[in-house]
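Numbering (this note's numbering), first residue to last: 954 to 1289. Glycine residues also receive a C-beta, built at the ideal position from the N, C-alpha and C atoms.
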Ligand SMILES: C[S@@+](CC[C@H](N)C(=O)[O-])C[C@H]1O[C@@H](n2cnc3c(N)ncnc32)[C@H](O)[C@@H]1O
């Protein structure tokens, strides 16, 4: 898609929010009602993320994002987007999520093609409502593992099953990955890797670890444990880590939900045994996807400031940064 095509000009309204009969069916509404009433805020972030992908469909093709997100989160984000457009905001709600998703997609594809042959594994830690196993063709030779809390994975499976049953023959929903295995585990516990292995994950096989929108929800201790577990167990075979990190001031945006941060993940990861660290910020050449043209938008202003700067020189507001980081788990590997 060209950069021109990616843009929704400011004077054009966002496409109307239209729900299919399926989304509005009693069974789907009932399932999502239990998400709204019974899930905690951390688990509900999975649906908010899916809503972002569903509403940025002009850049992200995710055929199941809408059903996984549910009406509540779609409406809520849509309202924010409409307001941003009315106010001619330089950053429209959800843009950061769209760029982040596209960055992970592109780095995942590059990492898989950097492995010379053989089977690859892709582990989505804190997989939430991520539908990469259904939407990315680059996964056709990969065994995908989705790790998340049991009730979240159960709900995802139920919603996808319902979507498959309702789809007509022209819009069949299929897994594009070679295989998809859901692993119910809490990654704060010591046994998550063991559970993954019991589900068919093989330490000696080329692996891409996808940690998208997960580390900052963990405590410092647990996030470090997760990263150490990956580093310690994956040094023998080609391994790529893809992860996003908040800096300290970003976690202050919601202290009840964000915990772990790193201002210098490019220093932290080598100390754990990772190598070949590549760090990007939203708006960088490999992280804008035609969505960051305005040089005065927040992200472009931020990335032009030295990373040690904590507050904006113009107005003294804190610099909230999101770092997109790729690293290799094996000393000799180079990532494209
Ligand atoms: C913001 S969502 C991101 C989901 C997914 N990575 C994506 O990009 O669509 C965060 C996810 O992490 C999961 N999560 C948070 N803490 C977890 C833990 N301790 N163990 C397993 N999953 C966890 C939540 O249930 C939620 O699905």
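For residue 967, which of helix, strand or coil comes out of DSSP? coil
Rounded Cβ spacing between residue 1085 and residue 1092 (contact assumed at less than 8 Å): 7 Å
May I ask whether a heavy atom of ligand 1 can be found less than 7 Å away from the beta carbon of residue 1030? no
Let me know the beta strand (DSSP E) ranges lying completely inside the stretch 1156-1204, each 3 residues or longer, listed in chain order. 1159-1164 and 1192-1199
Under the DSSP definition of a beta bridge, which residues are partnered with residue 1096? 1074 and 1132
Going by the CB atoms, is the gap between residue 1129 and residue 1089 shorter than 8 Å? yes
Measuring alpha carbon to alpha carbon, tell me which residue in 1199, 1142, 1031 and 1238 is nearest residue 971. 1031
So which of 1268, 1256, 1223 and 1269 has the shortest CA-CA distance to residue 1283? 1223
DSSP beta-bridge partners for residue 1276? 1198 and 1234
C-alpha distance - residue 1279 paired with residue 1168, whole-angstrom precision: 14 Å
Enumerate in chain order the residues of its own chain whose CB-to-CB distance from residue 997 is below 7 Å, with the five nearest sequence positions on each side excluded. 988
Got a sec? Which residues, its chain only, sit under 8 Å from residue 1204 by beta carbon, not counting five neighbours each side? 1169, 1211, 1212, 1213 and 1214
Use the C-beta contact count for residue 1110: other C-beta atoms within 10 angstroms, 16 or more gives buried, fewer gives exposed. exposed
Which runs of the beta strand (DSSP E) spanning at least 3 residues fall entirely within the stretch 992-1016, listed in chain order? none
Taking 8 Å as the cut-off, does the stretch 1036-1048 touch the stretch 1244-1255 (at least 3 CB pairs, one atom from each stretch)? yes
Suppose the cutoff is 7 Å on Cβ atoms and the five residues either side in sequence are ignored; what does the same chain contact list for residue 985 look like? 1023, 1024 and 1025
Between which two residues does the alpha helix (DSSP H) containing residue 1253 stretch? 1251-1256
Coil, strand or helix - residue 1025 by DSSP: helix
Would you check if the stretch 1131-1145 and the stretch 1049-1058 touch, i.e. whether three or more CB-CB distances between them fall below 8 Å? no
Should residue 1236 be labelled buried (16 or more other beta-carbon atoms within 10 Å of its own) or exposed? buried
For the alpha helix (DSSP H) that residue 1066 lies in, which residues bound it at each end? 1048-1067
Proximal residues to residue 1001 (C-beta, below 6 Å), its chain only, five neighbours per side dropped: 1026
Going by C-alpha distance, which of 983, 1252, 1264 and 1263 is nearest residue 1052? 1252
Inspect the CB distances between the stretch 1262-1280 and the stretch 1191-1206 and report whether three or more fall short of 8 Å. yes
Taking DSSP as the reference, what is the three-state secondary structure of residue 1263? coil
Indicate whether residue 968 and residue 1068 have their beta-carbon atoms separated by less than 8 Å. no
Just to confirm my understanding: we take residue 1189, look at its own chain, exclude 5 residues before and 5 after, and list those with CB closer than 7 Å. What are they? 1157
Contact test: residue 999 Cβ vs ligand 1 heavy atom, cutoff 7 Å: yes
Taking just the CA atoms, how far does residue 1239 sit from residue 1250? 17 Å
Using a Cβ-Cβ cutoff of less than 7 Å, which residues in the same chain neighbour residue 1101 once the five nearest sequence positions on both sides are dropped? 1079, 1080 and 1081
Are residue 1153 and residue 1182 closer than 8 Å when you measure CB to CB? no
Distance cut-off 7 Å: residue 1120 Cβ against heavy atoms of ligand 3: This structure lacks ligand 3; the ligands present are ligand 1.
Identity of the residue in 1209, 1266 and 980 nearest residue 995 by Cα: 1209
Reduced DSSP secondary structure (H/G/I, E/B, other) of residue 1281: strand
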